[in-house]
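Engineer:
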Amino acid sequence: MVFSYNWLQSFFQKKLPRPEKLAELLTMYSFEVSEVKKTSNDFVLDIDVLPNRASDCFSHLGIARECGILLNSKFQIPNSELVEDKNLKVKDFVSVEVKNKMACPRYTARIVTDVKIGPSPKWIRERLKVCGLRPINNIVDIANYVMLETGQPLHAFDGDKIEGKRIIVRFAKNREKIITLDEEKYDLNENILVIADAKKPVAIAGIKGGKIPEIDKKTKVVILESANFNPRIIRRGSKKLDLKTDASWRFEHGISPNLTEIAINRAAYLIQKIANARAAKGIIDFYPKKVLPKRVRLDLDYAERLLGVKIPAAEIKNILKGLNFQLIDFRNQSMMVKVPTRRLDISLPEDLIEEIGRIYGYQKIKAAFPTVTLIPPKRNINLFWEEMTKNILKEAGFTEVYNYSFISENDAKVFGWHSQAIIELENPLSKEQKYLRPSLVPNLLKNVQKNQNYYDEIKIFELGKIFEKPKKEKRILAGILTGDMFYQTKGVIDLLLNKLGISDVYYKEFKLTNEEIKKNWWYPKKSADIIINGERIGFLGEVTSKILAEFKINLKVVYFAVRFDELSKFVSEETIYQPISRFPAAVRDLAVLVPRGTKVVEVLNKINTLGGSLIRDVDLFDIYEGEELPRGKKNLAFHLIYQAEGRTLKSEEIDEIHQKIIKALEKNPNWQVRK
Amino acid sequence: MKMAKIDLKALKNRAENEIETAKDLKELNKIFKKYLGKKSQLTEVLRSLEKLPKAKKVKIGQEANQLKNFLKIKFAEIAQEIKEKVRKEVEEKEWIDITAPGKKPALGHLHPLTQVKRKTEEIFQAMGFSVVEGPEVETEWYNFDALNIPKDHPARDLWDTFYLKNGLLLRTHTTPVDIRNMEKNQPPLRIIIPGRIFRHEATDASHETNFYQVDGLMVGKDISVANFKATIQEFFQRFFEKPVEIRMRPGYFPFTEPSFEVDMTCLNCNGKGCPACSQSGWMEIVGAGMVHPAVFKNSGLNPRNWQGWAFGMGLDRLAMMKYKINDIRLFYSGDLRFLEQF
């Protein structure tokens, strides 16, 4: 909210510090001043009044009060001594009926007559302009002026335009309508509080006035309204109508009902002075339940314990008195504090301690490390494996990305995710972020699309949450490699799982459901399930050209995803040293020509079965398909590593097993060992 | 049989001369064979000694053996010299252009936010804080009500919220985990809560729809504002690896009382004032305060028994300050030209 420096000055006889200095002071002890701007003959202070202080500081008076205590200067409350005309009685002009006292705890009205409508004096116009309000006429300007001064929104009706001389505060009826001062039409309903005359709503209570009883050049009788409305009702109404005003803003934050009278007297006084009006005798005041000052007990030891500094009792008393708090019953390090009703923010001892702390100055509190029992932090094992995984992938050449937790409407369409299956946002900012991501793949594909013009090869991964209906969230590790990289991807997964201490891993042909085949995301014959301890934990596969086309990607893409929460069940930090054999190993090569459809694992199984414990390792070092080979065949080349645990293998012994293996392989008529 | 008359002296001269003029090891080897090989004159002389009379045998034998030893040493010397020469030549000839680029193994990169998060966790863990996490999809209770932010209260406007059609919402801070943690654990407590959070805000260089926050919570019998000040100052000094001043001023959060905003010396100008800090010399970096009694109550703790502080700060902002990044959106862009710089 913006404040006029001159206006603030007007409350003090003593000169205020220059605007920048004042801004600094307010920032450190009250509210941040985000900007000080010079105007032709004033300064505008943009003060971020904290929302809990709206009740007393959405006003120049409030900020001046803050300045007063910070500068230790006396400030003067503006004059509001109006002279009432005994011959005019308020009751003859209007009656007020409040239907719901919960919605309107107080309604105060005054009458001024014989007003001379015209422009307001320059000083009022200037102050309004500095605060961003447009001057209209003296009556409206004064109502606004008093709001900016006291924080109490006021409204002025043309008394002659109020039917039946009656003001009724009630909830609107369904299908009632109103046209507001700015000539906007609003449909009202039972949740919206209105000010009505005998027949119709004439204002949306606490939000905006209606067009009909508007003050105009001919206005003679003014009904001044200064009321207090329930913050929640105003807030709900304002949201419902999508209408925020200076008044609604103040009401929804809450104001003390005791302010209405102060403000209305000040406004009537100014109108009398400026518009040559006569003020009718009396005040209409519906105020069934007077709000009294709260009493809060403050324990000085607690204040010391919470702030971590001992502030002398005398200083604490001074601070509280300076804020117009009354101290009663001080004994044994404890006092009862009577809080002015305008301070809606204060109801607990902690609230008082905040006041003491800030006025004393937080910067005066010396930093001191806590004295605590030495309890070592708990190890977060989830986090440990996450970080370990990220490190491994980084070392394997992958770059980590962070993508949005959202996917677009189009992504959902491309992947065929029905809105029944994925979680939709109630209030998305755009179609691009309509759903929570049920998979990391769409955004990773977007990363590829974005980077493909700058990189020949892309290796990226993400570890993040995905979301599933009804309200599940799961951690997923997913990555992408571009190019013909199935085996590289599989190798990376093997490496990762190995480093995470997982040994029981195998890959199973990917079984698509009919649904999935239709969706056509992966090439079914170029995809595999990752099985750990018999449980399906993840997946890898090549993305179909159909999907790639949707994402405008012109590289081949292999994708992998692992359910990280489930993976965590199998990880292990344990490593047990295997003694290194003291006896030499012998390597023999073996090349087998097999049909293209033969799986490596079939050949491997044969070799391992026959080799038994004497084969330490079989290493497939080449798969070759080419013109030189017979059609439909491929060549598999292995290193067989022979080694015994307790002795040196003799050459003849190795030859014997090797021959046995060859014979066994050639039992299959389609397999041919190349010699 | 008459023994061939050999002039050992002449032999010595000849051999010495040839050895000294040998060009390389190969030639030297030949010379060696010639003078000391099985068929060399010297070997022959030694072999024929037996047949000589004793007196002569001793004399010639002595002379021949002396010559043999002399030549052996000579050969070794020259061989060493030649080797040295060759080594020097090679050294002169072979060189490496050390200005040509090295060959890098292809490592990947960790996201800058991962790195900043790790560093943050490391510092707080060293001060005895456990790292805990919580769900990204939250209930209204944990995200708001339990934190003393009632429905229909303007304080809710401080957090622009994404609501979900399933009645839940995307957490607007990691503070709900404070409650979740206090429900399950008796104080004393020291935790930090890093995690992804969400705000329903139009994006620009300093606003994103999802970003990262770390919340901190310390609860005990007498945990004070002064303790908070020391802890957060220590954190910043370790994080930025230089002396950093902090200042606290009044703030407002419904879940803390008193509440404060924490500013840190502007790293850009070291507090002198610059455009990055609107000439103030300070950067607003943390929101904090003493845990509100209502929050203890809502977590099932008795506020009469416990007190403590909580804070929240943006990891993205920390990363932006640390690496001088000017646009928060870069973190979520997936742009490798950005990511590969970390």
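Protein sequence lines, in the order shown, are assigned to chains A and B.
With my numbering applied, the first sequence covers 1 to 675.
With my numbering applied, the second sequence covers 1001 to 1342.
Think of the CB as a built atom: it goes at the ideal place given N, C-alpha and C, for glycine as much as any other residue.
Where DSSP assigns a beta bridge to residue 1163 of chain B, which residues make up the other side?
Structural biologist: Taking the first residue of the second sequence as position 1, residue 1163 of chain B is located at position 163. Note: residue 1163 of chain B sits in a beta bridge opposite B/1169.
Engineer: Residue 286 of chain A to residue 136 of chain A, Cα distance in whole Å?
Structural biologist: If you number the first sequence from 1, residue 286 of chain A lands on position 286. If you number the first sequence from 1, residue 136 of chain A lands on position 136. Distance from the CA of residue 286 of chain A to the CA of residue 136 of chain A, rounded to the nearest whole angstrom, comes to 29 Å.
Engineer: Could you tell me the distance, in whole angstroms, from the CA atom of residue 432 of chain A to the CA atom of residue 1159 of chain B?
Structural biologist: For this step, residue 432 of chain A is matched to residue 432 along the first sequence. For this step, residue 1159 of chain B is matched to residue 159 along the second sequence. If I take the Cα positions, the gap works out to 22 Å.
Engineer: Tell me where the beta strand (DSSP E) around residue 76 of chain A begins and ends.
Structural biologist: Counted from its first residue, the first sequence places residue 76 of chain A at position 76. Note, residue 76 of chain A: premise wrong, no beta strand (DSSP E); not H, not E.
Engineer: Based on Cα-Cα distance, which residue from B/1088, B/1308, B/1300, B/1247 lies nearest to residue 1280 of chain B?
Structural biologist: Position 280 of the second sequence, counted from the first residue, corresponds to residue 1280 of chain B. Looking at the Cα atoms, B/1247 is the closest of the given residues.
Engineer: Considering just the uninterrupted stretch of the alpha helix (DSSP H) at residue 1240 of chain B, what are its terminal residues?
Structural biologist: Locating residue 1240 of chain B in the second sequence gives position 240, where the first residue counts as 1. Per DSSP, residue 1240 of chain B belongs to the alpha helix (DSSP H) from 1225-1240.
Engineer: Of all the alpha helix (DSSP H) runs that stay within the bounds of the stretch 1024-1048 of chain B, which reach a length of 4 or more residues?
Structural biologist: 1025-1036, 1041-1047
Engineer: Can at least three beta-carbon pairs, one atom from the stretch 1173-1185 of chain B and one from the stretch 1212-1219 of chain B, be found at a separation below 8 Å?
Structural biologist: The way I'd put it, the stretch 1173-1185 of chain B does touch the stretch 1212-1219 of chain B; three or more beta-carbon pairs between them come closer than 8 Å.
Engineer: Looking at the secondary structure, which residues open and close the beta strand (DSSP E) in which residue 155 of chain A lies?
Structural biologist: As a working note, residue 155 of chain A is residue 155 in the first sequence. That run of the beta strand (DSSP E) goes 155-158.
Engineer: Who are the Cβ neighbours of residue 497 of chain A in its own chain at under 6 Å, not counting the five residues just before and after it?
Structural biologist: Here residue 497 of chain A refers to the residue found at position 497 of the first sequence. Once the five neighbours on either side are set aside, the close Cβ partners of residue 497 of chain A are 505.
Engineer: Quick one, are the C-beta atoms of residue 1107 of chain B and residue 394 of chain A less than 8 Å apart?
Structural biologist: Residue numbering aside, residue 1107 of chain B sits at position 107 when the second sequence is read from its first letter. Residue numbering aside, residue 394 of chain A sits at position 394 when the first sequence is read from its first letter. Yes, the pair counts as a contact, with Cβ atoms nearer than the cut-off.
Engineer: What does a CB cutoff of less than 6 Å around residue 7 of chain A pick up in its chain, not counting 5 residues either side in sequence?
Structural biologist: Translated into the one-based positions of the first sequence, residue 7 of chain A becomes position 7. Excluding residues within five positions, the ones whose Cβ falls inside 6 Å are 60, 127.
Engineer: In whole angstroms, give me the CA-to-CA distance for residue 240 of chain A and residue 307 of chain A.
Structural biologist: By 1-based counting over the first sequence, the position of residue 240 of chain A is 240. By 1-based counting over the first sequence, the position of residue 307 of chain A is 307. C-alpha separation (whole angstroms): 42 Å.
Engineer: Output needed in chain order: residues of the stretch 351-362 of chain A with a Cβ under 8 Å from some Cβ in chain B.
Structural biologist: Cβ contacts with chain B: 351, 353, 354, 357, 358, 362.
Engineer: From the DSSP output, in three-state form, read off residue 108 of chain A for me.
Structural biologist: Within the first sequence, the letter at position 108 stands for residue 108 of chain A. Strand at residue 108 of chain A.
Engineer: If contacts are defined as beta-carbon pairs under 8 Å, then residue 398 of chain A and residue 479 of chain A qualify, I think. What distance do you get, rounded to the angstrom?
Structural biologist: Here residue 398 of chain A corresponds to residue number 398 of the first sequence, with the count starting at 1. Here residue 479 of chain A corresponds to residue number 479 of the first sequence, with the count starting at 1. The beta carbons of residue 398 of chain A and residue 479 of chain A sit about 6 Å from each other, so the pair counts as a contact at 8 Å.
Engineer: Under 8 Å by Cβ, that's how I've got residue 46 of chain A and residue 55 of chain A pegged, so tell me the actual separation to the nearest angstrom.
Structural biologist: Looking up residue 46 of chain A in the first sequence gives position 46. Looking up residue 55 of chain A in the first sequence gives position 55. Not a contact, Cβ separation roughly 20 Å.
Engineer: Please report the residue range of the alpha helix (DSSP H) in which residue 607 of chain A lies.
Structural biologist: Here residue 607 of chain A is taken as the residue at index 607 of the first sequence, counted from 1. Taken as a continuous stretch (DSSP letters only), the alpha helix (DSSP H) holding residue 607 of chain A covers 600-611.
Engineer: Suppose you measure from the CA of residue 1003 of chain B to the CA of residue 1065 of chain B; what does that come to, to the nearest Å?
Structural biologist: Sequence index remark: in the second sequence, residue 1003 of chain B carries index 3 (1-based). Sequence index remark: in the second sequence, residue 1065 of chain B carries index 65 (1-based). Because the pLDDT at residue 1003 of chain B is just 48, under 50, the model does not fix this residue reliably, and the point stays unresolved.
Engineer: Out of curiosity, what's the CA-to-CA distance linking residue 67 of chain A and residue 1340 of chain B?
Structural biologist: In the first sequence, the residue the question calls residue 67 of chain A occupies position 67. In the second sequence, the residue the question calls residue 1340 of chain B occupies position 340. Cα to Cα, the separation comes out at about 52 Å.
Engineer: For residue 1308 of chain B versus residue 1223 of chain B, is the C-beta spacing smaller than 8 Å?
Structural biologist: By one-based count along the second sequence, residue 1308 of chain B stands at place 308. By one-based count along the second sequence, residue 1223 of chain B stands at place 223. Cβ atoms of residue 1308 of chain B and residue 1223 of chain B: closer than 8 Å.
Engineer: Does residue 260 of chain A pass the burial test, meaning 16 or more other C-beta atoms within 10 Å, or should it be called exposed?
Structural biologist: As a first step, residue 260 of chain A is located in the first sequence; it is residue number 260 there, counting from the start. So residue 260 of chain A ends up on the buried side.
Engineer: Indicate the three-state DSSP secondary structure (helix, strand or coil) for residue 389 of chain A in the structure shown.
Structural biologist: Numbered from its first residue, the first sequence carries residue 389 of chain A at position 389. Residue 389 of chain A falls in the helix class under three-state DSSP.
Engineer: Going along the chain, which residues of its own chain have a beta-carbon closer than 8 Å to the beta-carbon of residue 94 of chain A, five neighbours each way excluded?
Structural biologist: Sequence index remark: in the first sequence, residue 94 of chain A carries index 94 (1-based). Hits under 8 Å: 109, 111, 159, 162, 165, 166, 167, 223, 284.
Engineer: Going along the chain, which residues of its own chain have a beta-carbon closer than 6 Å to the beta-carbon of residue 1201 of chain B, five neighbours each way excluded?
Structural biologist: Taking the second sequence and counting its residues from 1, one reaches residue 1201 of chain B at position 201. Excluding sequence neighbours, residue 1201 of chain B sits near 1160, 1207.
Engineer: For residue 1013 of chain B, which of helix, strand or coil comes out of DSSP?
Structural biologist: Sequence index remark: in the second sequence, residue 1013 of chain B carries index 13 (1-based). Helix, per DSSP.
Engineer: Taking 7 Å as the limit between beta carbons, can you name the residues of its chain near residue 536 of chain A, skipping five residues before and five after?
Structural biologist: One-based indexing of the first sequence puts residue 536 of chain A at position 536. The residues are 529.
Engineer: Roughly how many angstroms separate the alpha carbons of residue 88 of chain A and residue 148 of chain A, rounded to a whole number?
Structural biologist: The sequence position of residue 88 of chain A within the first sequence is 88, counting from 1. The sequence position of residue 148 of chain A within the first sequence is 148, counting from 1. The alpha-carbon atoms of residue 88 of chain A and residue 148 of chain A are separated by roughly 29 Å.
Engineer: I'd like the ranges of any alpha helix (DSSP H) spanning at least 4 consecutive residues and lying wholly in the stretch 312-347 of chain A.
Structural biologist: 313-322
Engineer: For the stretch 217-242 of chain A, which residues have a beta carbon sitting closer than 8 Å to at least one beta carbon of chain B?
Structural biologist: 231, 232, 235, 236
Engineer: Taking CB distances under 8 Å as the criterion, tell me whether residue 1335 of chain B reaches chain A.
Structural biologist: Locating residue 1335 of chain B in the second sequence gives position 335, where the first residue counts as 1. Taking Cβ atoms only, chain A reaches closer than 8 Å to residue 1335 of chain B, which makes this a yes.
Engineer: At which residue ranges does the stretch 1231-1314 of chain B contain complete beta strand (DSSP E) runs of 3 or more residues, listed in the order of the chain?
Structural biologist: 1246-1250, 1256-1265, 1282-1291, 1307-1314
Engineer: Would you please state the rounded distance, in angstroms, between the beta carbons of residue 467 of chain A and residue 438 of chain A? I believe it to be under 8 Å.
Structural biologist: Numbered from 1 along the first sequence, position 467 holds the residue referred to as residue 467 of chain A. Numbered from 1 along the first sequence, position 438 holds the residue referred to as residue 438 of chain A. So it is a contact: roughly 6 Å between Cβ atoms.
Engineer: Reducing DSSP to helix, strand and coil, say where residue 1213 of chain B ends up.
Structural biologist: As a working note, residue 1213 of chain B is residue 213 in the second sequence. Residue 1213 of chain B: strand per DSSP, three-state reduction.
Engineer: Can you tell me which residues form a DSSP beta bridge with residue 532 of chain A?
Structural biologist: Residue mapping note: residue 532 of chain A aligns to position 532 of the first sequence, counting from 1. According to DSSP, which records beta bridges pairwise, residue 532 of chain A is partnered with A/505, A/535.
Engineer: Which runs of the beta strand (DSSP E), 3 residues or longer, sit entirely within the stretch 253-323 of chain A?
Structural biologist: 278-281, 284-286, 294-299
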